[in-house]
Amino acid sequence: MLNRRTLIKRLSAMPLVGGLFGGTTPLQSVLATSAVAPRNVLKELGLRTFINAAGTYTAMTGSLMEDDVVETIQASSKEFVMLDDVQTKVGEKIAALTHAESAVVTAGCFSAMTLGLAGVLTGMDQKKVEQLPHLEGTDMKSEVIAQKAHNIGYSHALTNTGCKIIQVETLEEAEKAINGKTALLWFLNIQSDKGQIQHQEWVALGKKHNIPTMIDMAADVPPVENLWKFNDMGFDLVCVSGGKAMRGPQSAGILMGKKQYIAAARLSMPPRGSTIGRGMKVNKEEILGMYVALDKFIAQDHQKEWKMLEDRIATIANAVKSVNGVTVETYAPALGNHTPSMRIMWETGKVNLTTKALQEQLRTGNPSIEVFGEPNGISITAWMLKPGQEKIVAKRIKEELTKASV
Ligand SMILES: *Cc1c(COP(=O)(O)O)cnc(C)c1O
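Residue numbering for the sequence shown follows the working numbering, starting at 111 and increasing by one per position.
See below:
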């Protein structure tokens, strides 16, 4: 704590301060500099911080929240409100922004899927809510149909409810798989080019058999339109991550869709206990922060943002491709993490370096940098960089590649 005495001591020890800080008096500048110097716990604990040129990976703590989001979190942390009231009000705002009937903030996309399915299974029956995930001996449904190509790991969110996944490949198989136990038809957007059945067909199949459909579009904004496209298309439930491109709290996501399912999903959510979702709590600060992040994301100039990210990628590409034997490929994935990206590859005869060694050099360098390792090179995205960091990344990668040139 800075008391009056130390403040005066510091003032007398800083004769030049007034001149350096232009219009402010020495007292104001000392107050400004001292009062905002917070405890640096990252440093205290010796945690490595780094420039994130890789992307929105959970292992790397996802994304960084913007000031408006952090300010919302800080301001709301000073007051009590009823948790259900926050969810209801924020849900209405999010639903209006995304063309959904209703919405709720969940602890990420993964929990949105678990809770959405829980709502489908239980409806508004409190007894069923408490029976989850033990479906046997109840009259709840127990099967979720998914395309084999979509079943890449995230479906554990669905089996958390006690349901099992029935894999299908063709539309015919899907239709055949539907029976009295079918609770949900689940679709994974990021793999939609790998499966044979497309979005519209999936939705139509659900409507035909009166079975709800859900889409996991966790990492599929941008494009921003995806936030309402799947609601408009007729998916009953849409699940998205909040802490990826939208830069909301890392442990937040959104479940949106039909009113009856969102209301039912909330029966499995905090503050209610004796539920499978009691451990998926989202605090009021994050619920509000998620709303502000979404609102801001939708309003931003997406074309301008895209151009800025392309420029950053070009800065890095131009620097490293001058190294003999190095090739650069720029691209933007069509599905998932749709953002300007690049791949850097090199001829082993000309640059004597493994991917792992390059990653390690960048990691242990100053400042530390993380890039994504690929089978024959590295890949980079620019959206998690702070302004100017692209120059540091360009310089460091070029340095390491040059050093390894033979
Ligand atoms: C990131 C991701 C998830 C999990 O999302 P969280 O918000 O981290 O819970 C689920 N599905 C896909 C396809 C993802 O990319």
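Glycine is no exception: its CB is placed at the ideal position from the N, C-alpha and C atoms.
Excluding sequence positions up to five away, which residues of its chain have a Cβ less than 8 Å from the Cβ of residue i?
| i | result |
| --- | --- |
| alanine 429 | Ala504, Lys505, Ile507 and Lys508 |
| valine 433 | Trp456, Val461, Lys508, Leu511, Thr512 and Ser515 |
| leucine 445 | Asn299, Ile300, Gln301, Ser302, Asp303 and Asp330 |
| glutamine 308 | Ser302 |
| alanine 442 | His448, Thr449, Pro450 and Ser451 |
| glutamine 310 | Met343 |
Let me check one thing: in DSSP terms, what residues is residue i bridge-paired to?
| i | result |
| --- | --- |
| aspartate 326 | Leu298 and Cys349 |
| isoleucine 454 | Val438 and Ile488 |
| leucine 365 | Val214 and Cys349 |
| glutamate 253 | Lys274 and Thr292 |
| glycine 483 | Ile488 |
| valine 461 | Ser515 |
| asparagine 162 | Glu480 |
Starting from the C-beta of residue i, find all residues in its chain whose C-beta is less than 6 Å away, skip the five residues before and the five after it, and write them out in chain order.
| i | result |
| --- | --- |
| glycine 172 | Thr166, Gly353 and Gln360 |
| serine 221 | Met390 |
| threonine 134 | Because the pLDDT at threonine 134 is just 49, under 50, the model does not fix this residue reliably, and the value given afterwards should be weighed accordingly. No residues qualify anywhere along the chain. |
| glutamate 240 | Ser384 |
| isoleucine 288 | His319 |
| methionine 234 | Ala374 |
| proline 477 | Ile161 |
| glycine 487 | Arg453, Ile454 and Met455 |
| glutamine 471 | Glu510 |
Out of the options, point me to the one whose CA is closest to residue i's CA.
| i | options | result |
| --- | --- | --- |
| glutamate 211 | Gln277, Ala373 and Leu242 | Ala373 |
| lysine 496 | Lys153, Ala427 and Arg422 | Arg422 |
| asparagine 270 | Asp249, Thr198, Gly290 and Met223 | Met223 |
| methionine 343 | Asp178, Leu315, Ala355 and Pro332 | Leu315 |
| serine 187 | Ala427, Asp405, Lys394 and Met452 | Lys394 |
| alanine 375 | Ala213, Ala267 and Gly229 | Gly229 |
| threonine 216 | Cys273, Ile408, Arg388 and Ile307 | Arg388 |
| alanine 403 | Gly363, Gly383 and Glu246 | Gly363 |
| leucine 227 | Ala328, Gln236, Lys258 and Cys349 | Cys349 |
| lysine 286 | Pro477, Lys318 and His266 | Lys318 |
| alanine 256 | Lys238, Glu279 and Val196 | Glu279 |
| histidine 244 | Cys273, Ala267, Gln236 and Asp235 | Cys273 |
| threonine 198 | Val438, Thr437, His412 and Lys369 | Lys369 |
| isoleucine 276 | Gly233, Lys258 and Leu463 | Lys258 |
| valine 196 | Gly459, Gly475 and Pro381 | Pro381 |
| arginine 473 | Ala409, Asn320, Lys414 and Phe160 | Phe160 |
| glycine 305 | Asn289, Ala284 and Ile321 | Ala284 |
| proline 332 | Arg357, Gly247 and Leu155 | Arg357 |
| glutamine 236 | Gly475, Ile321, Ile386 and Ile408 | Ile386 |
| leucine 174 | Ile454, Ala355, Asn447 and Glu246 | Ala355 |
| aspartate 326 | Glu246, Phe345 and Met170 | Phe345 |
| valine 438 | Leu231, Ser489 and Leu281 | Ser489 |
| glycine 201 | Phe190, Val191, Val214 and Glu189 | Val214 |
| serine 351 | Gly435, Arg149 and Thr168 | Thr168 |
| alanine 205 | Trp416, Gly459 and Ile408 | Ile408 |
| leucine 268 | Cys219, Glu282 and Gln310 | Cys219 |
| glycine 435 | Lys153, Lys414 and Thr458 | Thr458 |
Can you give me the Cβ contacts of residue i inside the same chain, cut-off strictly under 7 Å, excluding the 5 residues immediately before and after it?
| i | result |
| --- | --- |
| leucine 419 | Thr449, Pro450, Ala492 and Trp493 |
| threonine 208 | Leu337, Trp338, Asn341 and Met366 |
| lysine 501 | Thr425 |
| lysine 203 | Tyr401 |
| arginine 158 | Ser478 |
| glycine 483 | Thr465, Lys466 and Gln469 |
| leucine 155 | none |
| glutamine 499 | Ile161 |
| glycine 475 | Arg506 |
| alanine 427 | Val438, Thr440 and Met452 |
Under the assumption that residue i contacts residue j (Cβ atoms under 8 Å), give the Cβ distance between them as a whole number of angstroms.
| i | j | result |
| --- | --- | --- |
| threonine 323 | valine 313 | 5 Å |
| tyrosine 371 | leucine 347 | 6 Å |
| threonine 440 | methionine 452 | 5 Å |
| serine 378 | leucine 193 | With a Cβ gap of about 14 Å, serine 378 and leucine 193 do not count as contacting. |
| alanine 518 | glutamate 480 | The structure shown does not extend to residue 518, since the chain is modelled only from 111 through 516, so no value can be given for it. |
| glutamate 176 | lysine 431 | About 32 Å separates the two Cβ atoms, so there is no contact after all. |
Cβ of residue i within 7 Å of any heavy atom in ligand 3?
| i | result |
| --- | --- |
| tyrosine 264 | Ligands in the displayed structure: ligand 1; ligand 3 is not one of them. |
*Count the CB pairs spanning the segment 254-264 and the segment 284-304 that are closer than 8 Å, and state whether there are at least three.*
In this structure the segment 254-264 touches the segment 284-304; the number of beta carbon pairs closer than 8 Å is three or more.
*Check whether the segment 284-294 touches the segment 235-254, counting contact only when three or more Cβ pairs, one atom from each stretch, lie closer than 8 Å.*
Result yes; three or more Cβ-Cβ pairs closer than 8 Å.
*For the segment 175-192 against the segment 397-410, are there 3 or more C-beta pairs whose distance is under 8 Å?*
Yes: at least three Cβ pairs fall under 8 Å.
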